Amino acid sequence: MLKLQQEIRMVCHNKENVTEEDLKKMTWLKAVIKETLRLHPPAPLLVPRESSEETQINGYDVPKGTKVLINAWAINRDPKFGQNPEEFIPERFMGDTSVDFRGNHFQLIPFGGGRRICPGINFAISNIEMMIATILFHFNWELPCGIIRDEFDMSDAPGLSVRRNEKLYLVPREVDHTI
17 MLKLQQEIRM
27 VCHNKENVTE
37 EDLKKMTWLK
47 AVIKETLRLH
57 PPAPLLVPRE
67 SSEETQINGY
77 DVPKGTKVLI
87 NAWAINRDPK
97 FGQNPEEFIP
107 ERFMGDTSVD
117 FRGNHFQLIP
127 FGGGRRICPG
137 INFAISNIEM
147 MIATILFHFN
157 WELPCGIIRD
167 EFDMSDAPGL
177 SVRRNEKLYL
187 VPREVDHTI
């Protein structure tokens with residue numbers, strides 16, 4: 017989080033707030049968001065589909081009219097799409113990578129793909145970028161007293177939406193940007 021705060025504060029130096037123009041310069045922010053959505057898609061199972069014809073997938077017969085669920089959570093963690101798929105490594109989205117979550121790269125489909133891609137994807141991404149950048153620009157964050165970072169369980173609880181096994185509370189500390 018410190019590296020992300022440094023990028024945000026460097027881009028927004030001597031400003032009161034983060035702007036949309038600032039967001040375009042924040043490559044690390046975009047990589048962190050992609051990696052977060054890869055590991056924790058908003059809906060682990062995408063909208064159900066129905067097969068329009070009889071087909072075969074990985075040796076399994078799929079009759080016409082079969083309801084099919086796509087497990088985005090499992091696809092995003094498939095080792096064939098990158099090393100250490102269970103680890104948070106935003107660097108995998110830095111450099112010359114053009115992987116995005118607009119449905120063209122099936123290793124990263126938190127919003128689905130094709131004709132049934134989430135219609136609010138642009139709104140969601142704009143808001144996520146602005147919200148995270150603004151919060152990290154204006155505040156330093158720390159864990160509450162007694163919580164040790166390396167001992168805190170950040171694993172997911174199973175369900176239709178993604179949530180933590182343990183509740184996470186962050187304590188904001190306002191930053192004086194005039195210094």
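Residue numbering for the sequence shown is 17 to 195, as defined by this note's numbering. No residue lacks a Cβ here, since even glycine has one placed at the ideal position from N, Cα and C. Just so you know, these numbers come straight off a predicted model, no measurement behind them.
Considering Cα atoms alone, identify which of Pro64, Ala149, Asn30, Lys46 is closest to Gly130.
Locating residue 130 in the sequence shown gives position 114, counting from the first residue. Among Pro64, Ala149, Asn30, Lys46, the Cα nearest to that of Gly130 belongs to Pro64.
Rounded to a whole number of angstroms, what is the C-alpha to C-alpha distance between Val84 and Tyr76?
The residue you call residue 84 lines up with position 68 of the sequence shown. The residue you call residue 76 lines up with position 60 of the sequence shown. A straight line joining the alpha-carbon of Val84 with that of Tyr76 spans about 12 angstroms.
Residues bridged to Asn156 (per DSSP):
Taking the first residue of the sequence shown as position 1, residue 156 is located at position 140. For Asn156, which the question treats as bridged, DSSP gives the partners Arg189.
Counting Cβ pairs closer than 8 angstroms, one from the region 98–115 and one from the region 35–55, do we hit at least three?
Segments in contact, yes.
Measure the C-alpha to C-alpha separation of Gln72 and Val78 and round it to an integer number of angstroms.
Within the sequence shown, residue 72 is the residue found at index 56, counting from 1. Within the sequence shown, residue 78 is the residue found at index 62, counting from 1. Rounded to the nearest angstrom, the two C-alpha atoms are 6 angstroms apart.
Looking only at its chain, what residues have a beta carbon closer than 6 angstroms to the beta carbon of Leu124, apart from the 5 residues adjacent to it on each side?
Position 108 of the sequence shown, counting from 1, holds the residue named residue 124. The residues are Arg54, Val115, Phe117.
Start and end of the alpha helix (DSSP H) containing Ile2?
Only positions 17 to 195 of the chain appear in this structure, which leaves residue 2 out of reach.
Are the region 136–151 and the region 22–42 in contact at 8 angstroms, needing three or more beta carbon pairs?
yes
Looking only at its chain, what residues have a beta carbon closer than 7 angstroms to the beta carbon of Phe97, apart from the 5 residues adjacent to it on each side?
Translated into the one-based positions of the sequence shown, residue 97 becomes position 81. So the qualifying residues of the chain are Gln123.
With a floor of 4 residues, list each alpha helix (DSSP H) that falls wholly inside the region 44–129, ordered by position along the chain.
88–92
Between Gly119 and Gly128, which are expected to be in contact by the criterion C-beta below 8 angstroms, what is the C-beta distance as a whole number of angstroms?
Numbered from its first residue, the sequence shown carries residue 119 at position 103. Numbered from its first residue, the sequence shown carries residue 128 at position 112. That belief holds up - the Cβ atoms of Gly119 and Gly128 are roughly 6 angstroms apart, short of 8 angstroms.
Quick check on DSSP: helix, strand or coil for Asp166?
Residue numbering aside, residue 166 sits at position 150 when the sequence shown is read from its first letter. Helix at Asp166.
Measure from the alpha carbon of Gln22 to the alpha carbon of each residue in Pro135, Lys50, Ala149, then state which is nearest.
Translated into the one-based positions of the sequence shown, residue 22 becomes position 6. Ranking the options by Cα distance to Gln22, first place goes to Ala149.
Given Asp86 as reference, the closest of Arg132, Pro95, Asn100 once Cα atoms are compared:
Here the question's residue 86 lines up with position 70 in the sequence shown. Before going further, note that residue 86 is Ile rather than Asp in the sequence given. Comparing Cα-Cα distances from Ile86 to each of Arg132, Pro95, Asn100, the minimum goes to Arg132.
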